[in-house]
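Residue numbers (the numbering used here), protein chains in the order written: chain A, 1 to 351; chain B, 352 to 402.
Worksheet for the structure shown next.
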Amino acid sequence: MSVQYQAIGWNRQKRIYDSTLAAVILLYLALFAGLGAVVHPNATIETLLIRAFGTAALLLLHVILSIGPLCRLDRRFLPLLYNRRHLGVTMFTLALAHGVFAIVQFHALGDVNPLVSVFVGNTRYASLADFPFQSLGFFALLILFVMAATSHDFWLHNLSTPVWKRLHMLVYAAYAFLIAHVTLGALQSETSPILAIVLGGGRITIQKMHVAAALRERRIDEAPKTAGRDGFVEVCDASKIPENRAIVISLAGERVAVFRYGDRISAISNVCRHQGGPLGEGRIIDGCVTCPWHGYQYLPDSGCSPPPFTEKVPTYRTRVIDGKVLVHASPLPPGTPVEPAQIDQVARLRA
Amino acid sequence: MTQPLRKLHLRVMIALAVLLPAAFVAGLAARNPPAPANPQIRWEALLGDRP
């Protein structure tokens with residue numbers, strides 16, 4: 001969370017995250033090239049590097065695509081999500097190294113522009129077995145470049161969150177291009193079944209995780225909530241909401257996070273202004289609702305970020321009657337202050 | 352606010368669930384059989400000084 005743009009808002013967690021990432025990738029590249037040289041002594045270092053960079057990028061893409069659903073299914077994975085954009089840019093860099101090495105190795109020594117050669121060096125586009133698979137990798141790399149180039153908060157704010165999210169959903173198109181690239185490329189000449197098993201298994205695992213996360217989300221949206229005559233919807237017993245945490249409900253298709261802090265109840269939109277993160281899965285820290293994705297904060301009774309920040313989310317009117325929490329179905333404009341409902345007012349009413 | 356994105360995500364997932372297995376299986380099925388080993392070729396001789 002920052003009031004001005006910085007290239008990278010470094011902090012201790014990001015340094016640990018990136019150092020670990022760099023160490024794991026360097027170790028992988030060294031092991032791949034080293035073991036590859038032992039197992040395939042006739043392979044050139046260029047070939048080993050092309051494969052090392054390519055497999056590292058593909059593995060990292062699988063990790064990146066797994067983080068979203070994993071965080072929906074288990075909060076312990078949330079630290080991985082915090083810096084996912086650095087993973088994406090790193091994956092693009094690895095893919096770029098793979099592409100550049102491959103183009104230099106296989107397309108740079110002719111009399112045709114190497115980039116043109118990727119598309120015209122082999123024109124058997126009608127054949128699956130001999131398909132010019134490099135072109136598929138090129139399109140995937142193009143998408144990854146657009147995503148890496150727009151991964152900064154500058155683009156997130158200027159494109160708006162929905163547009164930025166849609167743009168970054170192109171990662172699935174890049175993934176499809178890469179699966180086709182490997183299937184019609186490396187797998188065509190690979191005699192060992194290991195690569196096919198790993199690639200097929202990875203795809204199935206990712207799709208299963210997304211389905212599991214989607215089913216979990218659907219349960220929230222499908223839980224019936226009907227408003228009374230006064231427009232208020234009964235949510236749950238106040239005691240069911242953990243201290244400084246929230247429960248998430250769906251009202252007229254929109255997610256609402258209902259927080260309890262001390263003897264007060266407040267409700268705000270569940271959607272963080274930053275990247276649409278689930279505020280209701282965060283906690284109240286230092287008196288502020290804190291998004292579990294990147295730490296954006298909002299005051300629970302006004303939906304406003306504390307000064308000097310300017311983000312605002314819609315608020316909802318709340319009541320507590322006979323220990324039951326009620327939330328009005330209509331949102332108030334972002335940043336509208338709402339008096340929190342008092343839990344102990346029940347006792348007063350009963351008295 | 353996130354409903355349209357979730358719907359788009361669902362459609363993308365359904366498309367991938369159809370396309371990716373089809374592409375994967377078709378690609379594997381189209382593989383050319385590996386060339387049989389030629390006993391007449393002695394790779395050690397072709398490699399020269401390389402280890």
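Cβ coordinates follow ideal geometry from the N, Cα and C atoms, glycine included.
Pair within 8 Å by beta-carbon distance, residue i and residue j
i	j	result
A:Val248	A:Val325	no
A:Ile67	B:Phe375	no
A:Leu80	A:Tyr175	no
A:Gln105	A:Val118	no
A:Thr352	A:Pro340	The question about residue 352 of chain A has no answer here: the residues shown for chain A are numbered 1 through 351.
A:Val89	A:Ser19	no
A:Phe131	A:Leu195	no
A:Ala246	A:Val233	no
A:Thr55	A:Phe32	yes
B:Asn383	A:Ala129	yes
A:Asp263	A:Gln342	yes
A:Phe92	A:Phe154	no
A:Leu29	A:Ala52	yes
A:Tyr298	A:Ser305	yes
A:His274	A:Cys288	no
Under 7 Å by beta carbon: chain B residues contacting residue i
i	result
A:Tyr172	Val363 and Leu367
A:Arg219	Neighbours of A:Arg219 on chain B: none; closest Cβ ~13 Å, over 7 Å.
A:Thr226	Going along chain B, no residue has its Cβ under 7 Å from A:Thr226, so there is no contact; the nearest lies around 19 Å.
A:Lys14	Going along chain B, no residue has its Cβ under 7 Å from A:Lys14, so there is no contact; the nearest lies around 26 Å.
A:Ile179	Leu371, Ala374 and Phe375
A:Val200	The residue you asked about is not Val; residue 200 of chain A is Gly in the sequence shown. Correct list: Phe375.
A:Ala196	Leu379
Strand pairing of residue i, partner residues [DSSP]
i	result
A:Ser269	A:Val256
A:His328	A:Phe232
A:Arg264	A:Tyr261 and A:Gln342
A:Ile247	A:Val258
A:Ile284	A:Val289
A:Ala278	The residue you asked about is not Ala; residue 278 of chain A is Pro in the sequence shown. According to DSSP, which records beta bridges pairwise, A:Pro278 is partnered with A:Val271.
A:Gln297	A:Thr290
A:Ile321	A:Lys324
A:Lys312	A:Cys304
Where residue i meets chain B, residues with beta-carbon distance less than 8 Å
i	result
A:Ala129	Ala381, Arg382 and Asn383
A:Ile268	Ordered by position in chain B, no residue passes the 8 Å Cβ test against A:Ile268, which lies about 12 Å from the chain.
A:Gly137	By Cβ distance, chain B contributes nothing, its closest Cβ being about 14 Å from A:Gly137, past 8 Å.
A:Arg166	Leu356 and Leu359
A:Gly335	Chain B residues near A:Gly335: none, gap ~15 Å exceeds 8 Å.
A:Gly282	Under the 8 Å cutoff, chain B gives no residues; its nearest Cβ is about 15 Å from A:Gly282.
A:Leu187	Gly378, Leu379 and Arg382
8 Å Cβ cut-off: residues of chain A touching residue i
i	result
B:Gln354	Gly253 and Glu254
Listed by chain order, chain B residues near residue i by CB distance under 9 Å
i	result
A:Ala176	Ala366, Leu367, Leu370, Leu371 and Ala374
A:Arg203	Leu367, Leu371, Pro372 and Phe375
A:Arg124	Simply none; closest approach about 12 Å.
A:Ala214	Arg357, His360, Leu361 and Met364
A:Met169	Leu356, Leu359, His360 and Val363
A:His40	Within 9 Å Cβ-Cβ: nothing; A:His40 doesn't reach chain B, min ~12 Å.
Residue i classed as buried or exposed, judged by whether at least 16 other C-beta atoms fall within 10 angstroms
i	result
A:Ile50	buried
B:Ala373	exposed
A:Arg348	Residue confidence is low: A:Arg348 scores 44 on pLDDT, short of 50, so the model does not pin down where it sits. Its coordinate-derived value is still stated next. It counts as exposed.
A:Tyr261	buried
A:Tyr125	exposed
A:Ala351	Any reading at A:Ala351 is ruled out, since the residue's pLDDT is 41, under 50, leaving its predicted position unreliable.
A:Ile143	buried
A:His210	buried
A:Arg229	exposed
A:Ala267	buried
A:Pro270	Residue 270 of chain A is actually Asn in this sequence, not Pro. With 16 or more other Cβ atoms within 10 Å, it is buried.
A:Ala329	buried
B:His360	buried
A:Glu217	buried
A:Asp12	It is Arg, not Asp, that sits at residue 12 of chain A in the sequence shown. A:Arg12 comes out exposed.
A:Pro278	buried
B:Ala380	exposed
B:Pro355	exposed
A:Lys312	buried
A:Glu181	In the sequence on display, residue 181 of chain A carries His and not Glu. When all chains shown are included, A:His181 counts as buried.
A:His157	exposed
A:Trp293	buried
Interface residues of chain A facing residue i [CB-CB closer than 7 Å]
i	result
B:Ala386	Here the premise fails: no neighbours, minimum Cβ distance about 10 Å.
B:Ala377	Leu128
In chain order, each alpha helix (DSSP H) run of at least 4 residues that lies wholly inside the segment 167-243 of chain A: 171-184, 186-189 and 194-222
4-residue-minimum alpha helix (DSSP H) runs that sit fully inside the segment 106-178 of chain A, ordered along the chain: 114-120, 134-149, 153-159 and 161-168
Runs of alpha helix (DSSP H) lying entirely within the segment 32-110 of chain A, each at least 4 residues, in chain order: 45-73, 78-82 and 84-107
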